[in-house]
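Engineer: Got a structure for you, questions after.
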Ligand SMILES: C[C@@H](O)[C@H](N)C(=O)O
Ligand SMILES: C[C@@H](O)[C@H](N)C(=O)O
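Protein chains in written order, with our numbering: chain A, 2 to 158; chain B, 2 to 158.
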């Protein structure tokens with residue numbers, strides 16, 4: 002039950018690809034990411050939610066430098082599976098890293114509150130047991146890292 | 002650049018809460034998860050994507066046993082922030098764990114392909130550098146774990 006937030010990190014110069022109205026049946030995610038991998042585009046995080054219309058939204062991040070390659074591949078994929086593709090640049094990912102974080106919803110709310118108090122808008126969220134990552138505007142990156150450091154008493158570096 | 006998939010895991014008896022058309026401005030995520038934490042509901046993973054209408058979709062998982070408590074809290078939150086809430090039971094999370102997985106989109110596509118070949122539908126995806134998790138129907142849990150074990154040569158246990 003003990004949770005320790007051991008650090009915070011910022012990854013800048015990210016771009017996001019969002020596929021919307023993705024058909025929600027087996028094989029689609031495999032096809033999308035197989036094609037992307039075949040074109041040597043390196044994917045950072047992948048997030049998928051389901052819409053109420055039975056379709057899926059799949060978002061993933063890439064380094065900004067890979068976006069133009071990713072666009073070529075993804076536009077073709079989107080046409081093939083008949084879904085929409087949208088692209089966003091100038092993003093950053095701020096993360097809180099710890100141990101046993103899922104035992105405590107308190108860590109997520111504390112991180113979200115720190116960002117909210119700094120008026121940093123959270124665009125995407127992805128979590129694991131040891132990490133909570135929020136995708137935000139790149140311009141908010143350093144503010145976000147500082148606020149999260151302060152909120153968790155992580156000290157200056 | 003070396004990636005090692007070191008294991009696979011299955012977590013069953015999960016339920017999912019999906020909030021749709023969530024207002025996308027600072028403070029909303031903090032409010033949602035603060036309220037949830039205050040009611041002692043333990044949240045497993047959190048996923049957020051953005052819709053094309055400028056609203057957000059936030060999905061999170063809880064142990065099945067917490068769903069009825071979560072529903073009371075979330076219905077009230079949804080009414081307060083004017084968004085929709087949907088609930089899903091009988092879910093499971095299959096994960097692949099490794100080191101340096103983000104260096105290789107190949108791990109994600111291999112996992113998704115293993116699930117696709119077994120006709121297991123992927124409902125949600127969340128990743129970190131060391132973990133890829135897919136939320137699936139609980140009935141598919143054991144099949145999914147076996148297929149992922151086989152795909153990555155993880156051996157019997
Ligand atoms: C949307 C996509 O993830 C689909 N459900 C699949 O299993 O491949
Ligand atoms: C939707 C929610 O994440 C909102 N963008 C916030 O920052 O709180």
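Cβ coordinates follow ideal geometry from the N, Cα and C atoms, glycine included.
Any C-beta of chain A within less than 9 angstroms: which residues of the segment 52 to 78 of chain B qualify?
Structural biologist: 52, 53, 57, 58, 59, 60, 61
Engineer: Return no unless some Cβ of chain B is closer than 8 angstroms to the Cβ of residue 46 of chain A.
Structural biologist: So, interface residue.
Engineer: Using a Cβ cut-off of 8 angstroms (strictly closer), state whether residue 144 of chain A contacts chain B.
Structural biologist: no
Engineer: Kindly list the residues whose CB is nearer than 8 angstroms to the CB of residue 137 of chain A, restricted to its own chain and excluding five residues on each side of it in sequence; keep chain order.
Structural biologist: 92, 93, 94, 95, 116, 121, 122, 123, 124, 145
Engineer: Output needed for residue 67 of chain B: all residues of its chain with C-beta closer than 7 angstroms, excluding positions within five of it in sequence on either side, in chain order.
Structural biologist: Cβ neighbours of residue 67 of chain B beyond the five flanking positions: 42, 43.
Engineer: Rounded to whole angstroms, how far is the Cβ of residue 82 of chain B from the Cβ of residue 6 of chain B, which I believe are closer than 8 angstroms?
Structural biologist: Not confirmed; about 39 angstroms, so no contact.
Engineer: Who are the neighbours of residue 150 of chain A on chain B, taking C-beta pairs under 7 angstroms?
Structural biologist: Within chain B, no residue comes near residue 150 of chain A; the closest Cβ sits about 17 angstroms away, beyond 7 angstroms.
Engineer: Can at least three beta-carbon pairs, one atom from the segment 14 to 34 of chain B and one from the segment 48 to 60 of chain B, be found at a separation below 8 angstroms?
Structural biologist: yes
Engineer: What does the alpha-carbon distance come out to for the pair residue 52 of chain B and residue 113 of chain A?
Structural biologist: 20 angstroms
Engineer: For a cutoff of 8 angstroms on Cβ pairs, would you count residue 113 of chain B as touching chain A?
Structural biologist: Yes, contact with chain A.
Engineer: Using only the alpha-carbon positions, how far apart do residue 31 of chain B and residue 156 of chain B sit?
Structural biologist: 42 angstroms
Engineer: For a contact meaning CB atoms closer than 7 angstroms, what does residue 21 of chain A contact in chain B?
Structural biologist: 53
Engineer: Any chance you could list the residues with Cβ under 7 angstroms from a heavy atom of ligand 2, keeping chain order?
Structural biologist: A/113, A/116, A/117, A/122, A/123, A/124, A/126, B/23, B/24, B/25, B/26, B/27, B/28, B/29, B/30, B/31, B/49, B/57, B/59
Engineer: Leaving out five residues on either side along the sequence, give the residues of the same chain with a beta carbon under 7 angstroms from the beta carbon of residue 38 of chain B.
Structural biologist: Counting only residues of its own chain and dropping the five nearest sequence neighbours on each side, residue 38 of chain B has no CB closer than 7 angstroms to any other CB.
Engineer: On a CA-only basis, which of B/98, B/109, B/107, B/143 is nearest residue 131 of chain B? Give me that one, please.
Structural biologist: B/98
Engineer: Closer than 6 angstroms by C-beta to residue 89 of chain B: which residues in its own chain qualify, once you throw out the five before and the five after it? Chain order, please.
Structural biologist: 17
Engineer: Run the CB neighbour count on residue 110 of chain B, radius 10 Å, all protein chains shown included, and call it buried at 16 or more, exposed below.
Structural biologist: Residue 110 of chain B is buried by the Cβ-count criterion.
Engineer: Determine the chain B residues that contact residue 153 of chain A at a beta-carbon separation under 7 angstroms, and present them in chain order.
Structural biologist: Result: empty, since nearest Cβ-Cβ is about 15 angstroms, beyond 7 angstroms.
Engineer: Could you name the residues that DSSP lists as bridge partners for residue 12 of chain A?
Structural biologist: The partner list for residue 12 of chain A (beta bridge, DSSP) reads A/94.
Engineer: Which residues in chain B sit within 7 angstroms of residue 91 of chain A, going by Cβ to Cβ distance?
Structural biologist: Within chain B, no residue comes near residue 91 of chain A; the closest Cβ sits about 15 angstroms away, beyond 7 angstroms.
Engineer: Mind reading off the beta-carbon distance from residue 62 of chain B to residue 45 of chain B? Whole number of angstroms is fine, and I expect it under 8 angstroms.
Structural biologist: Indeed, because the Cβ distance is near 4 angstroms, the residues count as touching under 8 angstroms.
Engineer: Take the Cβ of residue 47 of chain B as the centre, count every other Cβ of all protein chains shown within 10 Å, and call the residue buried at 16 or more, exposed below.
Structural biologist: Looking at its Cβ environment, which holds 16 or more other Cβ atoms inside 10 Å, residue 47 of chain B is buried.
Engineer: Let me check understanding here. Comparing Cα to Cα, which of A/135, A/74, A/14 lies closest to residue 35 of chain A?
Structural biologist: A/74
Engineer: Buried or exposed: where does residue 142 of chain A fall if 16 or more other Cβ atoms within 10 Å of its Cβ makes it buried?
Structural biologist: buried
Engineer: List, in chain order, every chain B residue whose beta-carbon is nearer than 8 angstroms to that of residue 120 of chain A.
Structural biologist: 27
Engineer: Which runs of the beta strand (DSSP E), 3 residues or longer, sit entirely within the segment 17 to 63 of chain A?
Structural biologist: 47 to 51
Engineer: Verify whether the separation of the beta carbon atoms of residue 14 of chain B and residue 64 of chain B is less than 8 angstroms.
Structural biologist: Contact annotation: residue 14 of chain B and residue 64 of chain B have beta-carbon atoms nearer than 8 angstroms.
Engineer: Closer than 9 angstroms between beta carbons: that is the criterion. Which residues of the segment 116 to 141 of chain B meet it against chain A?
Structural biologist: Within the segment 116 to 141 of chain B, the qualifying residues are 116, 117, 118, 119, 120, 121, 122, 123, 124, 125, 126, 127, 128, 129, 130, 131, 132, 133, 134, 135, 136.
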